[in-house]
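Participant:
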Amino acid sequence: EAGWTTDPFGAEVIDGVLYGRGATDMKTAVACFADAASRFLARKGDGFNGSISLLITGDEEGPAINGTRKVLQWMQERGETMDACLVGEPTNPSTLGEMAKIGRRGSLSGWLDVHGVQGHTAYPHLADNPLPRLLKMLAAINDEVLDDGTDHFQPSNLQITTIDVGNSATNIIPGTVRAAFNIRYNDLHTSETLMAWLRSKCEDIGGDYDLEFHITGDAFLTAPGPFSALLAGAIKSVTGMEPDLSTTGGTSDARFIKDFCPVAEFGLISQTMHKLDERVAISDLENLTDIYEAVLDGYFAS
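Residue numbers (the working numbering): 2 to 303.
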């Protein structure tokens, strides 16, 4: 609670603004969709013969081991299928209606350890300094342009995030040095092709090294089509805005769902997510509920 104006779990409304953890990311989007579905079903009555499901998990950030993936596996084992999915991520940078997501970049993290022989700087012939080889490897992967982007994705990018020699002394040659990096990549690549490229670059330099990888998710795209058009039309009908169909930003649980059905993302404004005083205007909640209801109307009318 330190630093918050209100109780982060109190859901206080002050001057038409709801404050609380999850106000934008993304408990309120779930509530808006539940309300929209309730209103939709109340209007349809007993004549409705479709199916609406809400997939809600408590393990969405980070490794997401016991979240959406487990639920999807459970559904598959039961023979449950989905025709389309809408994820309530806070997709709008500043104004409700300006952006929906139809894909996401992939994320690959790597750790490069280069090994040598520790020694004294006065006796370099008795040591093997791994740091120059590490720097050459990092230069080789950092200097190469991965691609120029696509119609739906920005260019892939590699960022070196840490270099650690574990050595504060100026007269000691380190025995092992480590660097970490992250690649955000578009659908011109897969994690497999990037890992092969990284290994090739390191092999070109040579020496004793190890590479470890962690794949958060591969890039994916739900190509613009009926589902994204339906979502864009619903957004415009409520906000008057034509949303940008984007693939920017980080990863989301849509990376798991895309293997099962077409998926798009639309929710609230992302400016205060993960911050102190996370908040959302009540008017945005009302409009988001209307948008979700319009999506249901359009989807089940088709």
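All C-beta atoms, glycine included, are put in the ideal place defined by N, C-alpha and C.
1. Leaving out five residues before and five after I305 in sequence, what residues of the same chain have Cβ atoms less than 8 Å from its Cβ?
2. Give the DSSP bridge partners of H275, in chain order.
3. For G46 and I53, I'd like the C-alpha separation in whole angstroms.
4. Taking only the alpha-carbon atoms, compute the straight-line gap between D209 and P133 and give it to the nearest angstrom.
5. Between the Cα of A295 and those of R256, R40, G80 and S157, spot the shortest distance and give me the residue it belongs to.
6. In chain order, what residues of the same chain lie with their CB nearer than 7 Å to the CB of G4, ignoring the 5 residues before and after it?
7. Give, in chain order, every unbroken run of the beta strand (DSSP E) that is at least 3 residues long and sits entirely within the region 149-231.
8. For the candidate residues A140, W75 and T29, whose alpha-carbon lies nearest to that of D205?
9. Below 9 Å between beta carbons: does that hold for V264 and C86?
10. Is DSSP giving I143 helix, strand or coil here?
11. Please report the distance separating the alpha-carbon of G111 from that of K202.
12. According to the neighbour-count rule (16 or more other Cβ atoms, all chains shown, within 10 Å of its Cβ), is D211 buried or exposed?
13. Curious, which full-length alpha helix (DSSP H) runs of at least 4 residues does the region 77-118 contain?
14. With a threshold of 6 Å on Cβ separation, who are the neighbours of T6 within its own chain once the five nearest residues in sequence on each side are excluded?
15. Which residues in the same chain have their Cβ closer than 6 Å to the Cβ of N93, if we skip the five residues on either side of it in sequence?
16. Give the secondary structure of Y124 by DSSP, where H, G and I count as helix, E and B as strand, and everything else as coil.
17. Starting from S247, follow the beta strand (DSSP E) in both directions and report where the run begins and ends.
18. Report yes if the C-beta distance between I164 and V146 is below 9 Å; otherwise report no.
19. Could you spell out where the alpha helix (DSSP H) holding R44 opens and where it closes?
20. Helix, strand or coil, according to DSSP, for L55 in the structure here?
Facilitator: Taking the definition as stated:
1. Past the edges of the chain, shown from 2 to 303, lies residue 305, and the structure says nothing about it.
2. To locate residue 275, count along the sequence shown from 1; it is residue 274. H275 is not bridged to any residue.
3. In the sequence shown, the residue the question calls residue 46 occupies position 45. In the sequence shown, the residue the question calls residue 53 occupies position 52. Taking the straight line joining both Cα atoms gives about 14 Å.
4. Taking the sequence shown and counting its residues from 1, one reaches residue 209 at position 208. Taking the sequence shown and counting its residues from 1, one reaches residue 133 at position 132. Rounded to whole angstroms, D209 to P133 spans 13 Å at the Cα level.
5. Indexing the sequence shown from 1 puts residue 295 at position 294. Among R256, R40, G80 and S157, the Cα nearest to that of A295 is on R40.
6. Position 3 of the sequence shown holds residue 4. Cβ within range, chain order: L277.
7. 158-165, 177-186 and 209-218
8. Residue 205 sits at position 204 when you count from the first residue of the sequence shown. Comparing Cα positions, the closest option is A140.
9. Along the sequence shown, one-based indexing puts residue 264 at 263. Along the sequence shown, one-based indexing puts residue 86 at 85. Going by C-beta atoms, V264 is nearer than 9 Å to C86.
10. Along the sequence shown, one-based indexing puts residue 143 at 142. In the sequence as presented, Ile is not what sits at residue 143; that position holds Asn. Three-state DSSP puts N143 in a helix.
11. In the sequence shown, counting from the first residue as 1, residue 111 sits at position 110. In the sequence shown, counting from the first residue as 1, residue 202 sits at position 201. Cα-Cα distance, rounded: 14 Å.
12. Counting from one through the sequence shown, the residue named residue 211 turns up at place 210. The residue in question, D211, is exposed, as its Cβ has fewer than 16 Cβ neighbours within 10 Å.
13. none
14. Reading the sequence shown from its first residue, position 5 is the one you call residue 6. Taken in chain order, the residues that qualify are D278.
15. Position 92 of the sequence shown, counted from the first residue, corresponds to residue 93. Taken in chain order, the residues that qualify are E99, M100 and I270.
16. In the sequence shown, residue 124 corresponds to position 123, counting from 1. The answer is coil: DSSP assigns Y124 none of H, G, I, E or B.
17. As a working mapping, residue 247 is identified with position 246 in the sequence shown. Its beta strand (DSSP E) spans residues D245 to S247.
18. Counted from its first residue, the sequence shown places residue 164 at position 163. Counted from its first residue, the sequence shown places residue 146 at position 145. Not in contact: I164 and V146 (Cβ atoms no closer than 9 Å).
19. As a position in the sequence shown, residue 44 is number 43, starting the count at 1. Start and end: K28 to K45.
20. Taking the sequence shown and counting its residues from 1, the one referred to as residue 55 is at position 54. Coil at L55, not helix or strand.
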